[in-house]
Amino acid sequence: MRYGVNLLNFGSGTTPDSLLRQATDARDLGFGFAMISDHIAVTPDVHEVYPAPFYDQFVLAAYLAGRVPGLRLGTTITVVPYRHPLQTARMAANIDRLNDAGFILGAGVGWSAAEYEVLGVPFRERGAITDEYLTAIRAAWREDPTSFHGTYVSYDGVRTAPAPASSPLPVWVGGNSPAAQRRAARLGEGWHPFMPSRALLDEALPRIAAEAE
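Numbering-wise, my numbering comes out as the position in the sequence shown, counting from 1, plus 9.
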């Protein structure tokens, strides 16, 4: 079993030096991976929980990959509908190549309707968008060139190299809902719940196992 940490990439005390210390300490204490949170538009509701300054998760992961060798990095979670799937696929694959210990893509739907509105993404369709985008992301990692035709994105013959170094690059699907559990079984290598209770685990694990069969 491996244990990981969630880096605090937000808040008034957060600086490049503090982030580097967090990651270095995590590695030196024997943690197997360090995960980074995601927000693009820090709306008032987001700021109450994840106050600015907020360091971008992919930029921070690239920075740490060059400064803290031997520590696997990941996202907890990437709000999948916020970015074009080709952008997410390329950033994740690049960091998996650049970081000697690899990368984990934590993937979820997010929770802030206000942030969705600022970004011009339909909040009520976030589940369907996430399913489609994850399918496109996984295809981009397998296929070069890649083509995809869906409800929300469509393209042909797009070059995607470099492919991830990991095969597969692990996707941990976040969320506690039954929909998230089904998504983890169909589109992920793992389930990444938030502060799960024993009751939730007892209910969810059989559902995920059955869905994965």
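Just so it is clear, CB atoms sit at the ideal spot from N, CA and C, and this is done for glycine as well.
Through-space distance from residue j to residue i, alpha-carbon basis
i, j, result
"L209", "L73", "34 angstroms"
"A116", "Q31", "23 angstroms"
"S21", "A193", "34 angstroms"
"A43", "S186", "24 angstroms"
"A172", "Q190", "27 angstroms"
"E220", "W181", "16 angstroms"
"Y12", "R151", "29 angstroms"
Best match in the options for proximity to residue i [C-alpha to C-alpha]
i, options, result
"S46", "A137, D26, A61", "A61"
"Y59", "W120, R81, H93", "W120"
"H56", "F19, G129, P177", "F19"
"H201", "D26, T84, Q96", "T84"
DSSP three-state assignment for residue i, whether helix, strand or coil
i, result
"V58", "helix"
"Y12", "coil"
"D109", "coil"
"R81", "strand"
"Y72", "helix"
6 angstroms Cβ shell around residue i - same chain, five flanking residues per side excluded
i, result
"A122", "F132"
"F49", "Reading the sequence as shown, one finds Ile at residue 49 and not Phe. Around I49: Y91."
Spatial neighbours of residue i in its chain, beta-carbon cut-off 8 angstroms, leaving aside the 5 residues before and after
i, result
"L38", "none"
"T139", "V89, P90, A116, G117, V118, R192"
Spatial neighbours of residue i in its chain, beta-carbon cut-off 7 angstroms, leaving aside the 5 residues before and after
i, result
"A110", "G79, L80, R81"
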